[in-house]
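Q: One structure, pasted below without further comment.
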Amino acid sequence: DSIETHRKVETFEVVISDGHGGTLTQTVSVTLNGSGSHEATFGGDITGTVAEDDPVIHKASGTLTVRDLDTGEDHFQAMEVDALVAEYGDFACEESNGHWAYTLDHDLANSLAGNAVAHDTLRVQSADGTAQDIVITITGRNDAPTIKTVTLNIAEDTANPSGMLVGDLFSADKFHDVDAESSLLGIAIVSSQVGPGIWQYRLGEDAPWENVDAPSESQALVLSSTTALRFLRAPDFNGTPSSLEVRGLDD
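Written out as structure tokens, the structure reads:
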């Protein structure tokens, strides 16, 4: 099987007997012609699994083997450095023994939403050009969004302010989420300062205004992006009202 395109002649002798003591010896030659190059086959580890922001499973490794019936071709081709750089991390591969490793770059993987699945692939080749992919499965994690401080302006003599929708108050430039295609779902109010007035919310245009009482980290008040929020000032108050501490919620 290893003769490739070469020709090999095998010679052997055949003895023929007539059963009565007479024999005839004949030399037989067989010419073997190679049928061409054989395609290499691979074995070993061709997959790995990692997860975003996981200190335990942010790396994967394995060993790939190659076998080729053609003489001198059961090894891997050298790899270009650029081929080791993937979308979400970096590969390393030793052509001499087939050992490979992958390290996830968490900054690059931050764009993956919670439980989203992506793949990085390294293509290796044997000496004859037969290719094999090593595929890494990456699971995303839901990153917490960030929001900036916002100000709700109210005229001093406004006795019944209309408020603003949470989604308008925390508009696109005030809300940020590294997860791809995430948007503001709402806010969780975790603290409300006591001041010259009271914060209120309304779940719909026909719903009554409700007071924001005493939320906390363990008992937050969750408001959707379509909920209205306002500050009802005390009579004759002019200045900076009490503030709310909130957490952004993404979808």
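Throughout, my numbering is defined as the position within the sequence shown, counted from one, plus 78.
Ideal placement from N, C-alpha and C gives every residue a C-beta, glycine not left out.
1. Check whether the segment 240–250 touches the segment 258–275, taking contact to mean three or more Cβ pairs, one atom from each stretch, closer than 8 angstroms.
2. Determine the DSSP secondary structure at Ser80, reduced to helix, strand or coil.
3. CA-CA distance, Val163 and Pro133?
4. From Ala194 to Ile225, what does the alpha carbon distance come to, in whole angstroms?
5. Give the single residue among Glu88, Phe309, Glu165, Val324 whose Cα lies nearest to the Cα of Glu288.
6. Can the beta-carbon of Glu173 be found closer than 8 angstroms to that of Ala156?
7. What is the DSSP secondary structure of Asp251, reduced to helix, strand or coil?
8. Mind listing, in chain order, the continuous alpha helix (DSSP H) runs of no fewer than 4 residues lying wholly within the segment 122–152?
9. Look at the Cβ atom of Ile216, then the Cβ atom of Ala187, and state whether they are nearer than 8 angstroms.
10. Would you call Pro293 buried or exposed, if buried means 16 or more other Cβ atoms sit within 10 Å of its Cβ?
11. For His197, does the three-state DSSP call read helix, strand or coil?
12. Can you tell me whether Glu130 is buried or exposed, with buried defined as 16 or more other CB within 10 angstroms of its CB?
13. Have a look at Asp148 and His116 and give me their C-alpha separation to the nearest angstrom.
14. Per DSSP, which one or two residues make a beta bridge with Ala161?
15. Measuring CB to CB, does Val128 end up less than 8 angstroms from Leu182?
16. Is any beta-carbon of chain C found at less than 8 angstroms from that of Val268?
17. Is the distance from the Cβ of Leu200 to the Cβ of Gly176 below 8 angstroms?
18. Just checking my contact of Arg325 with Val256 at CB under 8 angstroms: how many whole Å lie between their CB atoms?
19. My understanding is that Gln203 touches Phe154, with C-beta atoms under 8 angstroms, so please give their C-beta distance in whole angstroms.
20. Do you know how far the Cα of Ser249 is from the Cα of Ala312?
21. Taking the alpha-carbon positions, what's the Ala161 to Asp168 distance?
22. State the beta-bridge partners of Asp168 as determined by DSSP.
A: Per the coordinate set shown:
1. yes
2. Residue placement at Ser80 cannot be trusted, given a pLDDT of 46 that sits under 50; what the coordinates show is reported in the next sentence. Three-state result, Ser80: coil.
3. 21 angstroms
4. 23 angstroms
5. Phe309
6. yes
7. helix
8. none
9. yes
10. buried
11. strand
12. Glu130 is classed as buried because its beta carbon has at least 16 other beta carbons within 10 Å across all chains shown.
13. 6 angstroms
14. Its beta-bridge partners do not exist; DSSP assigns none.
15. yes
16. Considering every chain present, this structure includes no chain C. It has just one protein chain.
17. no
18. The Cβ separation is near 16 angstroms, so there is no contact.
19. 7 angstroms
20. 28 angstroms
21. Ala161 and Asp168 have their C-alpha atoms spaced approximately 9 angstroms apart.
22. Val163, Thr181, per the DSSP bridge assignment.
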